Amino acid sequence: MARPLTDEDRAHLERAVELGRNGWGRVHPNPMVGCVIVREGEVVGEAWHEVFGGPHAETLALAQAGPAARGATAYVSLEPCRHEGKTPACTRALLASGIARVVFGAADPGAESGGGGRELAANGVEAVGPVFDDARARRLNPAFHAQYPDRPWLALKLAVSLDGGLSAGPGRRTQLTGPEAVEMVHWIRAGFDGIIVGAETARVDDPLLTVRGVVEPRVPPVRIVLDPDATLPSDAALFDDVERVPVWVFTSEDAAEGELERLEAAGAEVHPVARSGAHALDLRSVMRVCREGGLSAILCEGGGRLGSSLMADALVDRLYLFVAPSVLGAEAVPGFRRWPLLQAGRGQWVSAQPTCALGPDALFVLDRQVGAAPASTSSTSG
Ligand SMILES: NC(=O)c1ccc[n+]([C@@H]2O[C@H](COP(=O)([O-])OP(=O)(O)OC[C@H]3O[C@@H](n4cnc5c(N)ncnc54)[C@H](OP(=O)(O)O)[C@@H]3O)[C@@H](O)[C@H]2O)c1
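In our numbering, the protein residues as written are 32 to 413.
So, in structure tokens, the structure goes:
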């Protein structure tokens, strides 16, 4: 019979979660996982899953603990896996070590990898978990838990003024946030397979969309532009290092053949898809191509029209909302165009982590509540 969790147990489990976060940008599409091994109140092993294809957190922590693992408790942020994949099953390693107790945070939803807790219990280990409910598990490793068959898990990142503006006016590039927020954006980018922007953002900001922060991603995210008429200039900054970081351009199926060839010559991988309006591509088709192309998590970095279309089509799972303490006024490009109305009496967005101050700016990280659908699912365009 499993003992109830003590405050000390919970603190070790939270430490395992914190360690797991070190895998951001390095382990996906695997989940981030941390492990702490404690014997008689003393921490004898601490580790995290460091890189996709590399040893799991439990294996690394057990190696640190050595013989001290016998009779100890292992705290793992995710249920230990029980299948032989790129690395041996963690349940086997735990059993071989003589661990007496395993406390795990989130359940592993995998058909093959899940069920490690039951397997440990069947072999005489005191297995406690899942300690976290589904909502907490999803917050920790959202793309891993979502696994949509027809689209990537998607986050929308916007920097807005206090009055909801994105830039001072059409055609005007405006740096809204300070260096701390910019650094955070580079950290966020590292955890995604792709970064997507609308054609107007590509035209006005001429961004690089590369990761230039403290975390070097294992695979740099693909840069993606939704450009119905294939207008992206061949000398766009995106093409500067296209050999290292791919650029995908989604155009409409009726875009001029010559323009598609020009973009391909510049280094782009061109994907024609159906339109859903005069100025819009069908986002479900775009998402399907991204998923089929191996992207499991993508970050949209605006602008307002693309972000709003994604919101209206209920394709946004997480919001990274940077709010700058400035006012842009009536000429500003709006960040929130026709966002679906909040349904009365029902919260659609929940805080995924505490709101934080980044220099003068604030960052809100919000997740769509599972099962919460927008009031309207009609596409916006134009
Ligand atoms: N503060 C921030 O976080 C931030 C982030 C990004 C951008 N910005 C600023 O925002 C401005 C650009 O934003 P914006 O709202 O004008 O444009 P946008 O969202 O960047 O681009 C809209 C364009 O994307 C193309 N598109 C293709 N499919 C679409 C779809 N399903 N839904 C919507 N658009 C689709 C269309 O291109 P066509 O027009 O070619 O048909 C459309 O007009 C710039 O001034 C930029 O500096 C600020």
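In this text, a Cβ means the ideal position worked out from N, Cα and C, and glycines have one as well. The structure displayed is predicted, hence computed values, not measured ones.
- [ ] Run the proximity test for R336: is its beta-carbon closer than 7 Å to any non-hydrogen atom belonging to ligand 1?
- [x] yes
Task: DSSP three-state assignment for S382, whether helix, strand or coil - done: strand
Open item on the list: Rounded to the nearest angstrom, what separates L352 and A131 at their Cα positions?
Closed with: Linking L352 to A131 through their CA atoms gives a straight-line distance of about 44 Å.
Open item on the list: Helix, strand or coil, according to DSSP, for H112 in the structure here?
Closed with: For the record, residue 112 in the displayed sequence is Cys; it is not His. Of the three classes helix, strand and coil, the one that applies to C112 here is coil, per DSSP.
Open item on the list: Is the separation between the beta-carbon of D260 and that of A286 shorter than 8 Å?
Closed with: yes
- [ ] Tell me, to the nearest whole angstrom, how far the beta carbon of A230 is from that of L263; I am working on the premise that it is less than 8 Å.
- [x] 7 Å
Open item on the list: Please state whether the Cβ-Cβ distance between A24 and V401 is less than 8 Å.
Closed with: This structure leaves residue 24 out entirely; the chain is present only between 32 and 413.
Open item on the list: At 4 residues or longer, what runs of the alpha helix (DSSP H) sit wholly inside the stretch 144-219?
Closed with: 147-153, 165-171, 173-177
Task: Assigned secondary structure, A267 (DSSP; H/G/I helix, E/B strand, else coil) - done: coil
- [ ] Could you check how far apart the C-beta atoms of G390 and P210 are, in whole angstroms? I think they sit under 8 Å.
- [x] 7 Å
- [ ] Enumerate, from N- to C-terminal direction, the unbroken beta strand (DSSP E) stretches of 3 or more residues contained entirely within the stretch 217-259.
- [x] 225-229, 253-257
Task: Spatially closest choice to V69 from P98, G202, L350, A345, by CA coordinates - done: Among P98, G202, L350, A345, the Cα nearest to that of V69 belongs to P98.
TODO: Reducing DSSP to helix, strand and coil, say where E81 ends up.
DONE: coil
- [ ] Would you check if the distance between the CB atom of V276 and the CB atom of G298 is smaller than 8 Å?
- [x] No, they are not a contact pair.
Task: Contacts around G51, its chain only, beta-carbon distance under 6 Å, and the 5 residues preceding and following it disregarded - done: M63, V64, G65, W79, S108
- [ ] Using 7 Å as the cut-off, classify the Cβ of S198 as near or not near the heavy atoms of ligand 1, replying yes or no.
- [x] yes
Open item on the list: Rounded to the nearest angstrom, what separates T205 and A138 at their Cα positions?
Closed with: 44 Å
Open item on the list: Looking at ligand 1, does it come within less than 7 Å of T232, judged from the CB to the closest heavy atom?
Closed with: T232: yes, Cβ under 7 Å from ligand 1.
TODO: Check whether the Cβ of E332 sits closer than 7 Å to any heavy atom of ligand 1, and report yes or no.
DONE: yes
Open item on the list: Between the alpha carbons of V216 and E77, how many angstroms are there, rounded?
Closed with: 28 Å
Open item on the list: Can you tell me whether L341 is helix, strand or coil according to DSSP?
Closed with: helix
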